[in-house]
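**Student:** Got a structure for you, written out below as structure tokens; questions coming shortly.
There are 2 protein chains.
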Amino acid sequence: MTIKTLHLTKGSSQPTFPDNEILRLYSMKYCPYAHRAHLVLDAKNIPYHTVFINLTEKPEWLSKVSALTKVPALELPGVKGDSLIESLIICDYIDEKYPQNSLNSKDPLEKARDRILVQKFETISPVFARFVFWKKEEDKGELLKKLYAGLKNFDDELNERNSKFFGGEKPGMTDYMIWPWFERFEVLNFMLEEKFKLDKDRFPKLSEWFDGMMNDEAVRRNFIDIDDHYRFVTTRDYDNAAENKL
Amino acid sequence: MTIKTLHLTKGSSQPTFPDNEILRLYSMKYCPYAHRAHLVLDAKNIPYHTVFINLTEKPEWLSKVSALTKVPALELPGVKGDSLIESLIICDYIDEKYPQNSLNSKDPLEKARDRILVQKFETISPVFARFVFWKKEEDKGELLKKLYAGLKNFDDELNERNSKFFGGEKPGMTDYMIWPWFERFEVLNFMLEEKFKLDKDRFPKLSEWFDGMMNDEAVRRNFIDIDDHYRFVTTRDYDNAAENKL
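Respectively, the protein sequence lines represent chains A and B.
In this text, residue positions in the first sequence follow this note's numbering: the first is 1, and each later residue adds one.
In this text, residue positions in the second sequence follow this note's numbering: the first is 1001, and each later residue adds one.
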């Protein structure tokens, strides 16, 4: 039986675990980078404990398990030394260590191209963040144009690969590394006059891809509806105190 | 016979190659990121053509071989699609594709820890860049303190690993990924009142490591002396017009 905590905060006790074998993922429920690690662990059906962390008021003991107090952090029970950090490194580690449902291509060139694609996504995800932490001097229309231009490359890439997912007939590492932002994009609809839409006319391949991802078991297991994403973005209320639901 | 060009610039013709098998590395002689790719190719004894690019006045044809006009870019002759970009991705690709003198650990956990270490270096290399592109409002003494604090972690890490190199008894991927900045650090001595020094008292392990790296064949093949590094930093004169030496 795996454990999942509410978001632990300053003054909390460090959780203890009844076993010394199951991986421990220090995470934050709404963090897209931590989301990557959940997706990969679930896609490979690896059991793990989830310790959610309140990033606004971090527990004092966090530095004991994640030296730089970052999440995601993957603690390997029985292994000396710091937990693993950095979402991409954690996910590659999991994929190399556990052979089932391999997510990275075994071909060095395909793998390199996938990594370059994920790296290119790093020009899109900060645009999304700039909407969320919007400053008045920025033009939302211009930001939206940038977002669409970046996404167009991904639509073209899917078209060129001529496959349902970036990973082929099933989601691979690239699909899971970029998904967290797609799950969140519609948060923008609460913030914009011109609605954000991953529509079939503009992004025919990406919108099919989106539907395919929504049917993926690992995506479904970690899915958070857009109202709850928006609630968190605007309130920073980690555990929805009103409902106190996990 | 491999080809090495002077820095090609706006108006230049795209180079042609007498063969269609040898890798082509688009590079800039003084760029630390491109330096990484040279080190890895040479450490593995892989022949390659070097096309140096003037980054101030880029050749018009560059986008044909490197879509985003970035260097380093690795062109794979006979292979359709864009050249590979991003120094870390290029170097991992080379190491996976060519098995001789393996640089990354085969152990997923060791490999992940090495990647985290290289990622941590990304907090040190920008400090160096801030000296080079120094703005008057920044306090050089404070910057130097930051640099020393960052380097201390690497000294501690070598101590903990209790090995001559980060890769063990011979340089591995981590060693080559961080070396380009160590080769350049003494540029700071031209810019500071308090000299930068990788001295034995402050960094006992790193200074031994530095000496070991200076004896490495791949490092020696690509070594540029500190006067020339400083000359480039201050003049942006790519090919040392005064001497026109390669």
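Just so you know, even glycine gets a beta-carbon here, dropped at the ideal spot from N, CA and C.
What you are looking at is a predicted structure, and each value in this text was computed from that prediction instead of being measured.
Between methionine 173(A) and aspartate 225(A), which are expected to be in contact by the criterion C-beta below 8 Å, what is the C-beta distance as a whole number of angstroms?
**Tutor:** With a Cβ gap of about 25 Å, methionine 173(A) and aspartate 225(A) do not count as contacting.
**Student:** Identify each residue in the segment 1112-1133 of chain B for which the Cβ-Cβ distance to at least one residue of chain A is less than 9 Å, and report them in chain order.
**Tutor:** Within the segment 1112-1133 of chain B, the residues whose Cβ lies closer than 9 Å to some Cβ of chain A are Ala1112, Arg1113, Arg1115, Ile1116, Gln1119 and Lys1120, listed in chain order.
**Student:** Starting from the N-terminal side, write out each stretch of the alpha helix (DSSP H) that is 4 residues or longer and does not extend beyond the segment 1088-1148 of chain B.
**Tutor:** 1108-1121 and 1125-1132
**Student:** Using a Cβ cut-off of 8 Å, which residues of the segment 1087-1114 of chain B contact any Cβ in chain A, in chain order?
**Tutor:** Within the segment 1087-1114 of chain B, the residues whose Cβ lies closer than 8 Å to any Cβ of chain A are, in chain order, Ile1089, Ile1090, Asp1092, Tyr1093, Glu1096, Lys1097, Pro1108, Leu1109, Lys1111, Ala1112 and Arg1113.
**Student:** Under a three-way DSSP split, which group does tyrosine 1230(B) fall into?
**Tutor:** Tyrosine 1230(B) falls in the helix class under three-state DSSP.
**Student:** I'd like the span of the alpha helix (DSSP H) that includes phenylalanine 185(A), first residue to last.
**Tutor:** Neither: phenylalanine 185(A) is in no alpha helix (DSSP H) and is coded neither H nor E.
**Student:** Would you call isoleucine 124(A) buried or exposed, if buried means 16 or more other Cβ atoms sit within 10 Å of its Cβ?
**Tutor:** buried
**Student:** Is asparagine 240(A) helix, strand or coil by DSSP?
**Tutor:** coil
**Student:** Does the beta carbon of isoleucine 1085(B) come closer than 8 Å to any beta carbon on chain A?
**Tutor:** For isoleucine 1085(B), at least one C-beta of chain A is nearer than 8 Å to its own C-beta.
**Student:** I'd like to check one pair, leucine 74(A) with leucine 23(A): are the Cβ atoms closer than 8 Å?
**Tutor:** yes
**Student:** Below 8 Å on the Cβ atoms is my guess for asparagine 1020(B) versus glycine 1078(B); work out the distance and round it to an integer in Å.
**Tutor:** 6 Å
**Student:** Answer with buried or exposed for glutamate 1193(B), where buried requires no fewer than 16 other C-beta atoms within 10 angstroms of its C-beta.
**Tutor:** So glutamate 1193(B) ends up on the exposed side.
**Student:** Below 8 Å between beta carbons: does that hold for valine 1071(B) and cysteine 1031(B)?
**Tutor:** yes
**Student:** Kindly list the residues whose CB is nearer than 6 Å to the CB of asparagine 1159(B), restricted to its own chain and excluding five residues on each side of it in sequence; keep chain order.
**Tutor:** Lys1205
**Student:** Where arginine 1231(B) and isoleucine 1085(B) are concerned, what is the direct C-alpha to C-alpha distance, given to the nearest angstrom?
**Tutor:** 27 Å
**Student:** Assuming alanine 112(A) contacts isoleucine 1089(B) (C-beta within less than 8 Å), just tell me the rounded distance between them.
**Tutor:** Contact flag correct, Cβ pair sits at about 5 Å.
**Student:** When you compare each of Tyr98(A), Ala129(A) and Pro108(A) to proline 180(A) by their alpha carbons, which one comes out closest?
**Tutor:** Measuring from the Cα of proline 180(A), the nearest candidate turns out to be Ala129(A).
**Student:** Could you spell out the range, first to last residue, of the beta strand (DSSP E) harbouring leucine 25(A)?
**Tutor:** 23-27
**Student:** Considering only the beta carbon of each residue, do tyrosine 1098(B) and leucine 109(A) sit closer than 8 Å?
**Tutor:** no
**Student:** Just mark glutamate 1138(B) as buried or exposed, buried being the case when its beta carbon has 16 or more other beta carbons within 10 Å.
**Tutor:** exposed
**Student:** What span of residues does the beta strand (DSSP E) with valine 40(A) cover, start to end?
**Tutor:** It is not in any beta strand (DSSP E) - valine 40(A) instead sits in the alpha helix (DSSP H) that spans 32-43.
**Student:** Hey, threonine 1009(B) and asparagine 1054(B): beta-carbon distance below 8 Å or not?
**Tutor:** yes
**Student:** Spatial neighbours of aspartate 1237(B) within its chain, please: C-beta separation below 8 Å, excluding the five flanking residues on both sides.
**Tutor:** Arg1231
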